[in-house]
Amino acid sequence: MAEPWEYIHTKRVLNKYGLPVGAFDPEAPGEQTYDIYWMNIRTKRGTPSRSHEPEATLRISAKNEGEDRHLGITCSDLKFDNTTEIDAQCENNALTSPKTWTLKYSNGSPAGKGLVEYTQKGEIRNSRLFMDDKEPAHSKTLGPYTADWCLFDAVQRLAVRKDTTKHAFDLIEEFSMIRENQFLIYRGTSKITTDQSAVTADVYCHYGESVIPTCYYVDANGRLFLVVSTRRTVILKKEGS
Numbered sequence: 274m275a276e277p278w279e280y281i282h283t284k285r286v287l288n289k290y291g292l293p294v295g296a297f298d299p300e301a302p303g304e305q306t307y308d309i310y311w312m313n314i315r316t317k318r319g320t321p322s323r324s325h326e327p328e329a330t331l332r333i334s335a336k337n338e339g340e341d342r343h344l345g346i347t348c349s350d351l352k353f354d355n356t357t358e359i360d361a362q363c364e365n366n367a368l369t370s371p372k373t374w375t376l377k378y379s380n381g382s383p384a385g386k387g388l389v390e391y392t393q394k395g396e397i398r399n400s401r402l403f404m405d406d407k408e409p410a411h412s413k414t415l416g417p418y419t420a421d422w423c424l425f426d427a428v429q430r431l432a433v434r435k436d437t438t439k440h441a442f443d444l445i446e447e448f449s450m451i452r453e454n455q456f457l458i459y460r461g462t463s464k465i466t467t468d469q470s471a472v473t474a475d476v477y478c479h480y481g482e483s484v485i486p487t488c489y490y491v492d493a494n495g496r497l498f499l500v501v502s503t504r505r506t507v508i509l510k511k512e513g514s
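Take a look at the structure:
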């Protein structure tokens, strides 16, 4: 059975971007930028896929602030000109659990043609999720928890610490919606090859209720360079590209 990185589309993207090289420290302050490719994107029957071009970009900065972990996240949709920015103060723990955050969304469409902008504040109080000081529908008391983009930071630090624990948690999807019964497991290593080189990666997989299973590939230096699901391929951009 093929590994997720062996999907035809994902291998094409890997060959285009290449594999990462050089030193990396996930605990040091830094920023990483990824391109996002959606799988099997077609505008209508018979129209070729646009998946040879990235559909979105993701930028994540991370640094320790005292006992906390601070993340700055920007996701830009290149097709519809939408941008989501998240400024999150997180627990410095295995899952980089967000404690407070501000989410800003903007749509760059011309005025009068769907322009939308809003700001939303989130917070965890006594293990309960609050959005703009109100609990969302179907709320619950959280156990261990994290948010989807926080996993990008978490898996790098887990890999460096050789953490192979099976983590059970609640997911705050898109920093606004709770998904219960989530799991992050260590699947071992996988040798990833391109036309130019090869690397052995640690593989962490996230699965659970109402989410698409996703695999995270981390190199020997603790650098997350590839994220794959049946819906999308997310790949690290080279510095300066």
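Under the numbering used here, the first residue of the sequence shown carries the number 274, and numbering increases by one thereafter.
By construction, the Cβ of each residue, glycine as well, lies at the ideal position given by its N, Cα and C atoms.
All values reported here derive from a predicted model rather than from experimental measurement.
- About 6 Å separates the Cβ atoms of ILE445 and TYR418, confirming a contact at the 8 Å cut-off.
- Contact check for VAL507 against TYR378 fails: the beta carbons are separated by 8 Å or more.
- By the neighbour-count criterion, in which 16 or more other beta carbons inside 10 Å mark a residue as buried, PRO327 falls on the buried side.
- Close CB contacts of GLN455 within its chain, under the 6 Å cut and outside five residues either way in sequence, are with PHE442, LEU444, GLY481 (chain order).
- For LYS289 and THR467, the gap between their C-alpha atoms comes out near 9 Å.
- Per the C-alpha coordinates, the member of ILE359, PRO299, GLN305, THR330 positioned closest to ASN337 is PRO299.
- Listed in chain order, the non-local C-beta contacts of SER463 below 6 Å within the same chain comprise GLU276, ALA474, VAL476, local neighbours out to five positions each way being set aside.
- Pairing GLY345 with ALA301, the inter-Cα distance amounts to about 14 Å.
- Judged by beta-carbon spacing, ALA367 lies within the 8 Å limit of LEU431, meaning their Cβ atoms are closer than that value.
- Membership of ASP426 in the alpha helix (DSSP H) is indicated by the continuous run 423-433.
- Taking C-alpha positions only, SER412 is separated from TRP422 by approximately 20 Å.
- The residues LEU444, GLU446, ARG452, GLN455, in chain order, have a CB closer than 8 Å to that of VAL484 in the same chain once the five nearest residues on each side in sequence are set aside.
- Within the model, the alpha-carbon separation for TYR459 versus LYS352 is close to 34 Å.
- Taking GLU396 as the centre and dropping the five residues before and after it, the same chain places the C-beta of THR373, PHE403 closer than 6 Å to its C-beta, in chain order.
- The three-state secondary structure of PRO417, taken from DSSP, is coil.
- With a beta-carbon spacing of about 15 Å, ALA335 and ASN494 fall beyond the 8 Å limit used to define contacts.
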